[in-house]
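Undergrad:
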Amino acid sequence: MKVVVTAQTNSLDSEIDPRFGRCQYLIFVDTETDSWVAVPNPALAEPGGAGIAVSQFVADEKADALITGNIGPNAARGLAAQGIKVYVGSHGTVKEALAALKAGQLTPASGPTVKRRSGM
Amino acid sequence: MKLAVASGKGGTGKTTIAVNLARVLAEEGPVQFIDCDVEEPNAHFFLKPSLDTEREVSILVPVIDRVLCNGCGECVKACAFNAIAVLGHKALVFAEICHGCGGCARVCPTKAITEQPNRLGVVSTGPAGNIFFVEGRIDVGTPLSVPVTKGARREIKEQDGIVILDAPPGTTCPVVAAVAGCDYVLLVTEPTPFGLNDLKLAVELVRELDIPHGVVINRADIGDQGVEEFCRREGISIHLRIPFERQFAETIAHGGLLVDAFPAWRPKFQALWHKIQEEVTV
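From first to last, the protein sequence lines stand for chains A and B.
Counting from 1, position 17 in the first sequence corresponds to residue 1164 in the numbering used here; the numbering is continuous, with no gaps.
Counting from 1, position 29 in the second sequence corresponds to residue 497 in the numbering used here; the numbering is continuous, with no gaps.
(1) Looking at the C-beta of A/Ser1202, does it have a partner C-beta in chain B at a distance below 8 Å?
(2) Quick one: what's got a C-beta closer than 6 Å to B/Gly497's C-beta in the same chain, skipping five residues either side?
(3) Shortest alpha-carbon distance to A/Thr1180 belongs to which of A/Ser1257, A/Lys1149, A/Lys1209?
(4) Measure the C-alpha to C-alpha separation of A/Arg1166 and A/Asn1188 and round it to an integer number of angstroms.
(5) On a Cα-Cα basis, can you pick out the residue from B/Ala596, B/Thr617, B/Gly594, B/Gly597 that is closest to B/Gly604?
(6) Just checking, does the stretch 605–624 of chain B make contact with the stretch 718–734 of chain B on the three C-beta pairs under 8 Å criterion?
(7) How would you list, in chain order, the residues of chain A whose beta-carbon sits under 8 Å from the beta-carbon of B/Asn586?
(8) Label B/Lys516 either buried or exposed according to how many other C-beta atoms from any shown protein chain fall within 10 Å of its C-beta, with 16 as the threshold for buried.
(9) Kindly say whether A/Glu1193, judged by its beta-carbon, lies nearer than 8 Å to any beta-carbon of chain B.
(10) Give the secondary structure of B/Lys477 by DSSP, where H, G and I count as helix, E and B as strand, and everything else as coil.
(11) Looking only at its chain, what residues have a beta carbon closer than 6 Å to the beta carbon of B/Arg523, apart from the 5 residues adjacent to it on each side?
(12) Can you tell me whether DSSP reads B/Pro595 as helix, strand or coil?
(13) Specify, as a first and last residue, the run of the beta strand (DSSP E) that B/Ala551 falls within.
(14) Exposed or buried, what is B/Thr639 when buried is set at 16 or more other beta-carbons lying within 10 Å of its beta-carbon?
(15) Going along chain B, which residues have a C-beta under 8 Å from A/Ala1138?
(16) In the DSSP output, what is B/Ile624 paired with across the bridge?
(17) Nearest by alpha-carbon distance to B/Val499: which of B/Ala648, B/Val631, B/Cys569 is it?
(18) Within 8 Å of any Cβ in chain B, is that where the Cβ of A/Ala1256 sits?
(19) Answer yes or no: does any C-beta atom of chain B fall closer than 8 Å to that of A/Gly1230?
(20) When the cut-off is 8 Å and only beta carbons count, does B/Phe562 lie next to chain A?
(21) Label B/Pro611 either buried or exposed according to how many other C-beta atoms from any shown protein chain fall within 10 Å of its C-beta, with 16 as the threshold for buried.
(22) In terms of alpha-carbon separation, which member of A/Leu1173, A/Gly1168, A/Val1151, A/Arg1169 lies closest to A/Asn1157?
(23) Identify the continuous beta strand (DSSP E) that holds B/Gln500 and give its terminal residues.
(24) Rounded C-beta distance between A/Ala1210 and B/Leu560? I'm assuming under 8 Å.
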């Protein structure tokens, strides 16, 4: 499974970035091999619709699941359409969040947790 | 002659200046008043128009035919606002952030995109004494105001004398939509660090648009000298200073006009107009 985690810096020891559309980095992790790659958020400087643009990006990267802090209404709708599982409310490091996911301690969100433009 | 009243900072007294100026000028000839503060238009409280005509403002937003859409993503590339994405193998529209440019429909290779109107607000018009009054008002929850401002400006009858446009606060697109193409911008500010900061931003904006401009200082006897010093340094005329008076605030709170309640202010607003005219004709 390919999991993407929003992160404040570009390593597994990074703190989770609580924002989705405006996160600093996206860390893609292959949970079978534990290989990973950190990518700067391509939509960070977008004037609007960042959550939608990042949703498109993680969909194009064929992510199956997302771990982040909060999710806005547009991203929630887009990710649901793509069938990407969204785990919200995560904090601590990327590594800790991945361990929690593997241990089955995370539950997927059923909808948005914040209003639009909350990450600005 | 189109005069926009703008500010940068909110709550400085744009509408107060605009409506009082409109009232004194309307005694001498036709005046059109355009309330471009479409998020919270309030000039009607003071000029009390009979709004007898209402026009809806809409933009065209894309609708996807899910049979024809093959998820190629050309529409996503064409959209400058991230209002469309291919998710779940089909284009998905986020209508509330769409600016209605029509680019996606134009580039779609399978003709899967048609467009339908999405209402943003209304423009109302009617007489306020001898002022022709226009008001734009966006619907609650609508984030896109520029088309409504443009809709309000389309009601301007080009041949008719003086047009006063009451702009929204700030220095973003809705302000540009209100002041672009005007002959003069009056910037209303207050003598505080906040007023000065936002005045500087507003001055940058009108300089970028290359529109002659001058300043009115409201509540001029409070705060500090920062605005006065800035205007002197930058060579910007201060046309009028209005003191901070409880009786002015009371008049305004009751929807009254300073030029009606305090006749001594009539010549001051007339003089303000003459100073603006002098700067426009230079």
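From the three backbone atoms N, C-alpha and C, an ideal C-beta is built for every residue, glycine too.
TA: The answer reads as follows:
(1) So yes, A/Ser1202 belongs to the interface.
(2) Gly629.
(3) The option with the nearest alpha carbon to A/Thr1180 is A/Lys1149.
(4) Their Cα atoms are separated by approximately 11 Å.
(5) Taking the Cα of B/Gly604 as reference, the smallest distance to any Cα among B/Ala596, B/Thr617, B/Gly594, B/Gly597 is reached at B/Thr617.
(6) No contact exists between the stretch 605–624 of chain B and the stretch 718–734 of chain B.
(7) Simply none; closest approach about 16 Å.
(8) In the assembly as shown, B/Lys516 is an exposed residue. Its beta-carbon has fewer than 16 other beta-carbons within 10 Å.
(9) Cβ-Cβ to chain B under 8 Å: yes for A/Glu1193.
(10) DSSP places B/Lys477 in coil when its eight states are reduced to three.
(11) Excluding residues within five positions, the ones whose Cβ falls inside 6 Å are Val591.
(12) Reduced to three states, the DSSP call for B/Pro595 is strand.
(13) Here B/Ala551 belongs to no beta strand (DSSP E), and DSSP marks it neither H nor E.
(14) A buried status is given to B/Thr639, since no fewer than 16 other beta-carbon atoms sit within 10 Å of its beta-carbon.
(15) With chain A covering only 1148 through 1267, there is no way to say anything about residue 1138 of chain A.
(16) Beta-bridge analysis with DSSP links B/Ile624 to no other residue.
(17) For B/Val499, the nearest C-alpha among the options comes from B/Val631.
(18) No, no contact with chain B.
(19) With 8 Å as the cut-off, A/Gly1230 counts as an interface residue toward chain B.
(20) Interface residue, yes.
(21) With fewer than 16 Cβ atoms within 10 Å of its Cβ, B/Pro611 is classed as exposed.
(22) A/Asn1157 has its Cα closest to that of A/Leu1173, out of A/Leu1173, A/Gly1168, A/Val1151, A/Arg1169.
(23) Per DSSP, B/Gln500 is one residue of the beta strand (DSSP E) stretching across 499–503.
(24) The Cβ separation is near 17 Å, so there is no contact.
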